[in-house]
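Worksheet: one structure, shown below.
In my numbering, the protein residues as written are 77 to 151.
Here it is, written out as structure tokens:
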């Protein structure tokens with residue numbers, strides 16, 4: 077099976093949804109660090125939900141990281 081790659085943006089950050097070895101993942105860079113988040117197994121969700129799940133996961137990751145950075149800058 078070939079890898080499937082789908083590109084989109086979350087808060088101006090380019091993201092790619094990848095299907096590798098029957099596992100959906102979303103890959104993006106944050107502060108120069110490559111981040112890869114597992115979404116679900118192939119077939120666990122309809123494909124059109126995979127992108128929605130990926131967008132939510134990236135948004136949540138960004139919120140968490142930015143909150144951590146804010147807390148660190150205040151201490």
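Ideal placement from N, C-alpha and C gives every residue a C-beta, glycine not left out. All values reported here derive from a predicted model rather than from experimental measurement.
- The alpha-carbon of residue 131 is positioned some 9 Å away from that of residue 84.
- In the structure shown, residue 87 adopts coil according to DSSP, grouped into three states.
- Taken atom to atom, the span from the alpha-carbon of residue 146 to that of residue 91 is near 23 Å.
- For residue 121, the secondary structure class from DSSP, reduced to helix, strand or coil, is coil.
- The criterion of a C-beta distance shorter than 9 Å is satisfied by residue 93 and residue 102.
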